[in-house]
Amino acid sequence: MSDTKIDQTAAPSSDPATRRARRASLPRHAKVRVAKREVADPAAAFEVLDLARIAHVGFVDEGRPMVIPMLHARIERTLYIHGAKATRIVKGMQDRAPVCLTVTLLDGIVVARSAFHHSMNYRSVVVHGAVRHVVGDREREAALVALTDRLLPGRWDEVRPMTDKELAATGVLAIEVEHITMKRREGPPVDDEADYALPVWAGVVELAETVTAVTPDERLAPDVPLPRSLRGPGAAEAPAAPASSPGLSRGRGAA
Numbered sequence: 001m002s003d004t005k006i007d008q009t010a011a012p013s014s015d016p017a018t019r020r021a022r023r024a025s026l027p028r029h030a031k032v033r034v035a036k037r038e039v040a041d042p043a044a045a046f047e048v049l050d051l052a053r054i055a056h057v058g059f060v061d062e063g064r065p066m067v068i069p070m071l072h073a074r075i076e077r078t079l080y081i082h083g084a085k086a087t088r089i090v091k092g093m094q095d096r097a098p099v100c101l102t103v104t105l106l107d108g109i110v111v112a113r114s115a116f117h118h119s120m121n122y123r124s125v126v127v128h129g130a131v132r133h134v135v136g137d138r139e140r141e142a143a144l145v146a147l148t149d150r151l152l153p154g155r156w157d158e159v160r161p162m163t164d165k166e167l168a169a170t171g172v173l174a175i176e177v178e179h180i181t182m183k184r185r186e187g188p189p190v191d192d193e194a195d196y197a198l199p200v201w202a203g204v205v206e207l208a209e210t211v212t213a214v215t216p217d218e219r220l221a222p223d224v225p226l227p228r229s230l231r232g233p234g235a236a237e238a239p240a241a242p243a244s245s246p247g248l249s250r251g252r253g254a255a
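Written as structure tokens, this is what we have:
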């Protein structure tokens, strides 16, 4: 067998032999079972990572498998997660420890003519890599900016800086991507040929994420306008909105 290393994050090749070599070079844990649903383009996989709001991070702690939902951010081919230094994933992880990170975007419910063929339209990504603790001040700040702006683009510049105490209590982990795979299902249900004549409704229920309300905090200082991070890039300065303004719901906030 050739010792040539295949770059798993490189652009996909149209050459069948190269694509077969890529699949063969993958370790077993990084292979896609249903090949027809694999998306071989790493750029598409990174795009899904950037769209997903929550990642599930798998690791081993004291011999037990653990999976934790976490906010993630990407800078080029490095993923970042963070948490209090006392948390299990930050405190217990050693540099170069293997981790697995997954995200899924649900695009639709596939309604078939039989229970067996019901499915979902989705885009999912699995990342395998090695973790390291981020200790350099410059990289830590870049990671924290990226993580904050993943919640609302531009939010970091709108809020007060983190204090030294907050920085000292926060651990930042980097995951260097070693293998990244993407799967996608799209389109209508695929029923047994004999079932297409059945008087049973079939199709796709399209799904999308949406904002339902923007609720101001009950302790919001007077005359604070809606920030640019909530109004979108290029928006004009907004006046402070009273609680009864259309588009804003005012209710009891979380404690």
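In the UniProt record's numbering, the protein residues as written are 1 to 255.
Note that CB positions come from ideal geometry on N, CA and C, so glycine has one too.
Scanning its chain for C-beta atoms nearer than 8 Å, with the 5 sequence neighbours on each side dropped, one finds around I75 the residues A142, A143 and A146, in chain order.
As computed with DSSP, G83 is found in a beta bridge with G171.
One alpha carbon belongs to R150, the other to H128, and they sit about 21 Å apart. For E206, the enclosing beta strand (DSSP E) covers residues G203 to E206. Counting only unbroken stretches of 4 or more residues, the alpha helix (DSSP H) elements lying wholly within the region 113-164 are 137-151, in sequence order. Of the residues K165, T181 and D50, the one whose Cα lies closest to the Cα of D41 is T181. In this structure the region 102-116 lies against the region 55-73, because at least three pairs of beta carbons, one per stretch, are closer than 8 Å. Around the CB of Y80, 16 or more other CB atoms lie within 10 Å, so the residue is classed as buried.
Buried is the label assigned to L49, since at least 16 other Cβ atoms lie within 10 Å of its Cβ. Secondary structure at V57: strand, using DSSP grouped into helix, strand and coil.
Residue pairing by DSSP leaves G187 without any beta bridge partner. Annotation for G108: the continuous beta strand (DSSP E) segment containing it runs P98 to V111. DSSP places P222 in no beta strand (DSSP E); its state is neither H nor E. When the Cα atoms are used, R88 and L152 turn out to be separated by approximately 27 Å. Cβ atoms of M120 and V110 come within 8 Å of each other, at about 6 Å. Looking at the DSSP output, V177 bridges to G129.
Note that the C-beta distance between R132 and R184 is not below 8 Å. DSSP lists V39 and V125 as the beta-bridge partner residues of M182. For V211, the secondary structure class from DSSP, reduced to helix, strand or coil, is coil.
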